[in-house]
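Take 2 as the starting number for the sequence shown in the numbering used here and just add one per residue. Cβ coordinates follow ideal geometry from the N, Cα and C atoms, glycine included.
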Amino acid sequence: MSININELSTAKLDFNYWQDIIKNIKHNLDQIIDNKHMSKILKYDIDIEFVFDDLGSEEKFGPNACAKYIDTENNKYQIVLGRKLLTVLRHFSFKVIDYDDIFPKIPRTEINREKLSKLSDTIFYLWVDFICLHEWFHIVRGHLNYGHENLNKNFQIDEFSKNKYFDDNEINLYLEIDADRFAGKVLTGRFSLMQESLAVMLNLNEEDMVEGFSIFMIYLFDLFFLLSDNSRGKVHPSPSERMVFLIAAMQEAIHTNPKLFNLTEEKFLSLTETALKKHYKKHEEEYILNAKDILITMKTLDTYTKIIKDIKLNDYQILKEL
Ligand SMILES: [Zn+2]
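Structural data, given as structure tokens:
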């Protein structure tokens, strides 16, 4: 895959540029996570501070995002997004719009440059929304409370390095899948709200939009694997399984709310699955996939359900219900 992390993370963008981006990210977050009505959906009040790590205190080992407790007695948490991570995402969003499998119907001509640049912005913000939601679900699904009570009182979740508080990396990975699952569901709803106007701008239909959404989210996961500590990728679930779970989360969103798109559930399923298959086909050499993978994924799903039950995650969950 032609993603060069070094190249993506070293390109410089100036200070004012980031000020605007942070403002937009916070604005999006306020839209997605409606803090005014939070008390209705949470079992008790919590306080989540959103921090942009401009000094790199959380990024000593490379691009990172994390979720942590800052005051256990007062239920205060923090979500930290690193500057290096945002830089990588921003540059990758510039690159990805030139990939031939991203909205392939848009001619890559000079006249379309402005549209493509807007598309790049949209992709970037959806990626960041996904990461923020993923961190938010680490908190409200009780992952931090679980780790704090059972593993270590300084427990925190770092996205791209091996979690030192787990003896067994397996639970860690299933918590990642859990955060992906719920973030993926919410993001699918968010995308459904904006896809119509985006489709008009790009002169595409709804099917193109759903397939495109699936593909650029899959690319985000490609990026995650490149950013991750390699030792993690060797533990189940594998990178491709995590992608399958993301697609499953999108399908779950449509199953729960069939009105999100003007497509039948079957059509939606087939579009997302086609996107995944096309992506695998294109990057065959990087994902050594075969029929066995499907079976492993089914097993992973069972294991996920079992582990979430075994660790009694519902007892730690701060959300009232899902
Ligand atoms: Zn995570």
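In the DSSP assignment, the residues bridged to V52 are V81. Just measuring C-alpha positions, the residue of N315, M244, F217 and R191 sitting nearest I255 is R191.
Pairing K85 with P64 gives a Cβ-Cβ distance under 8 Å.
8 Å or more divides the Cβ of I103 from the Cβ of F269. If you compare the alpha carbons of L188, V52, I178 and K119 with that of T304, the shortest gap goes to I178. Spatial neighbours of Q196 in its own chain (CB-CB distance under 6 Å, excluding positions within 5 residues in sequence) are listed in chain order as M210. When Cβ pairs closer than 8 Å are counted between the two stretches, the segment 14-27 is seen not to touch the segment 171-185, the count staying below three. For ligand 1, a non-hydrogen atom lies closer than 7 Å to the CB of H139.
Between R243 and F214, the CB-CB gap reaches or exceeds 8 Å. Scanning L314, K279, L87 and K116 for the CA closest to the CA of D130 turns up L87. For Q318, the secondary structure class from DSSP, reduced to helix, strand or coil, is coil. Put simply, the backbone Cα of N151 is about 14 Å away from that of N315.
Linking K154 to E266 through their CA atoms gives a straight-line distance of about 44 Å. Here L277 is actually not in contact with L203; their C-beta atoms are around 22 Å apart, not less than 8 Å.
If you look at K268, you'll find it in the alpha helix (DSSP H) that goes E266 to K283. Annotation: D72 is outside any alpha helix (DSSP H); the continuous beta strand (DSSP E) that includes it extends over A66 to D72. Counting along the chain, D209 sits inside the alpha helix (DSSP H) bounded by residues E207 to L228.
In terms of CA proximity to T73, Q157 leads the group L205, Q157, L323 and N29. Cβ contact annotation for D48 (same chain, cutoff 6 Å, sequence separation greater than five): K77, in chain order.
Of the other Cβ atoms in all chains shown, 16 or more fall within 10 Å of the Cβ of V81; this residue is therefore buried. Annotation note: the segment 115-174 contains the following uninterrupted beta strand (DSSP E) runs of length 3 or greater, listed N- to C-terminal: 157-159. If you draw a straight line from the Cα of T123 to the Cα of Y166, it is about 36 Å long. The beta carbons of A66 and I132 sit closer together than 8 Å. The beta carbon of I49 sits no closer than 7 Å to any heavy atom of ligand 1.
R91 places its beta carbon less than 8 Å from that of F125. At a Cβ-Cβ threshold of 8 Å, T273 and I248 count as neighbours. In the displayed model, L43 falls within a strand according to three-state DSSP. Counting only the Cα atoms, D311 lies some 38 Å from F93.
In this structure, G143 and A250 do not form a Cβ contact; the two beta carbons are roughly 18 Å apart against a cut-off of 8 Å. Shortest gap from the CB of A180 to any heavy atom of ligand 1: under 7 Å. The C-beta of D31 has fewer than 16 other C-beta atoms within 10 Å across all chains shown, which makes the residue exposed. DSSP places P259 within a helical segment (H, G or I) once states are collapsed to three.
The Cβ atoms of L264 and E207 lie closer than 8 Å to each other. Considering only V245, H135 and N258, the residue with the shortest C-alpha distance to K279 is V245. Taking each of E160, Q252 and I22 in turn and checking the Cα distance to F226, the smallest one comes out for E160.
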